[in-house]
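J.:
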Amino acid sequence: MSGQQILFGLLEFLVSIFVSFILIFGSYRLFLILTPRFDEERQLRMKNTSVGIILGSILFGEALVVKQAIYPVMAVIQIFILGQEKSALSFIKMLGFSVGYVLLAGILAIICILFSFWLFNKLTPRINHFEEIKKNNIAVALFMALVIVAICLLISSGVSGLTKALIPFPEVGSIPLE
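Residue 2 is where the sequence shown starts when you use the working numbering, and the numbers rise one by one after that.
1. Touching or not, the region 45 to 65 and the region 141 to 159, by the rule of three or more beta carbon pairs under 8 angstroms?
2. For the alpha helix (DSSP H) holding Met-145, just list the boundary residues, first then last.
3. Report the CB separation of Ile-168 from Ala-76 in whole angstroms; it is logged as a contact under 8 angstroms.
4. Could you tell me the boundaries of the alpha helix (DSSP H) in which Arg-46 lies?
5. My output table needs one value for Leu-8: the three-state DSSP class, helix, strand or coil.
6. Pick from Pro-171, Ile-134, Ser-17: whose alpha carbon is nearest that of Tyr-72?
7. Whole angstroms is fine: what's the gap from Ser-91's alpha carbon to Glu-13's?
8. Just the C-alpha distance for Phe-22 and Trp-119, rounded to the nearest angstrom, thanks.
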């Protein structure tokens with residue numbers, strides 16, 4: 002075990018903590034803004050379990066997708082730390098790529114969650130899910146929550162592939178195999 006591995010492990014831990022705080026806070030606030038007529042906080046104070054299940058599944062689904070940005074963020078940090086060029090421009094590029102990966106994954110997660118709501122509506126056209134959740138229908142909330150988590154889980158591998166494909170690895174020469 003080298004000191005460099007420990008340093009990168011610690012950096013990954015700190016990046017994960019930072020991304021998780023931003024993710025939880027940002028996602029929750031965004032969802033409150035997108036659904037002002039629903040008033041989730043009042044529903045939670047009224048002990049509406051269904052609202053808690055849906056909010057929890059949204060955060061869990063978003064975490065499943067956004068966690069795919071951690072590897073690319075760490076890759077660009079390692080490229081910067083281990084690379085030859087240590088300039089302000091390289092540092093700004095590293096920060097830009099890192100923020101970009103997290104934003105891309107976050108936006109894709111939100112799209113994924115919105116798609117999950119759309120799919121749930123198509124699967125259950127005779128159920129008004131907002132009304133049922135307001136009435137604390139736990140069965141509807143659990144089904145909707147599992148649709149959200151399933152879609153996010155399935156899409157997360159695609160997000161992983163996309164973010165990894167965007168890593169700016171340094172060019173290396175070719176080695177002829179003869």
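Virtual Cβ for every residue (Gly too), placed ideally from N, Cα, C.
T.: The structure says:
1. Cβ pair count under 8 angstroms is three or more, so yes.
2. Segment 139 to 166, the alpha helix (DSSP H) holding Met-145.
3. That pair is a contact at about 5 angstroms.
4. Counted as a single uninterrupted DSSP element, the alpha helix (DSSP H) harbouring Arg-46 occupies residues 41 to 46.
5. Looking at Leu-8 - three-state DSSP - the assignment turns out to be helix.
6. With distances taken between Cα atoms, Tyr-72 lies closest to Ser-17.
7. For Ser-91 and Glu-13, the distance between alpha carbons rounds to 19 angstroms.
8. Answer to the nearest angstrom: the Cα atoms are 27 angstroms apart.
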